[in-house]
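Asker:
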Amino acid sequence: MTKHKNSTLAGFTYLVFFLPMITGEKNDPFVRYHMKQAIGLLITVLAVQGAIRILAAWGLGYGGLNALAWGLRIYALVSVVLGFSSAQRGEMKPLFWIGNHAAKI
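In structure tokens:
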């Protein structure tokens, strides 16, 4: 396994997904892959969190929705850490559950 020259930038993409667009490294396939994974994670988390908020506003299942919201936050945090470490190792591993869909963005 060889370390990719932009692995640090790709790792930070999970924290600030638009960073490669500013630095001009968006055409690098390795950085682009991790940028797509980060954007897919962001879209998924925002969509599910929005659905949870709408259901909570309607008064449906406060306790269960609260647990689901915390589970979503933990999933997002774990995914960011795994994506960051995957990028630092120079790997192009998809994120759990959403990685294959995010790669198609």
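Residue 80 in the working numbering sits at position 76 of the sequence shown; the count goes up by one each step and never skips. Here a beta-carbon is modelled for each residue, glycine too, at the ideal position from N, C-alpha and C.
1) Let me confirm a value: A14 is counted as buried when at least 16 other C-beta atoms fall within 10 Å, else exposed. Which label applies?
2) For the pair the region 34-52 and the region 90-107, tell me if three or more CB-CB distances fall below 8 angstroms.
3) Identify the continuous alpha helix (DSSP H) that holds V35 and give its terminal residues.
4) Taking Cβ positions, are N10 and F34 nearer each other than 8 angstroms?
5) When DSSP labels each residue in this structure, what does P98 get in the three-state scheme?
6) Within the continuous alpha helix (DSSP H) that includes G65, where are the two ends?
7) Starting from F21 and walking both ways along the alpha helix (DSSP H), at which residues does that stretch end?
8) Skipping 5 residues on each side, what residues in its chain have a beta carbon closer than 6 angstroms to that of V84?
9) Is there at least one Cβ from chain B nearer than 8 angstroms to V84's Cβ?
10) Just to confirm the assignment, what range does the alpha helix (DSSP H) spanning A106 have?
11) Determine the contact status of A91 and K40, defining contact as a CB-CB distance below 8 angstroms.
Answerer: Let me spell this out:
1) buried
2) yes
3) 33-61
4) yes
5) coil
6) Premise fails: G65 is in no alpha helix (DSSP H) and is neither H nor E.
7) Element bounds for F21: n/a, residue is neither H nor E.
8) Y18
9) Given the protein chain composition of this structure (a single chain), no chain B is represented.
10) 103-106
11) no
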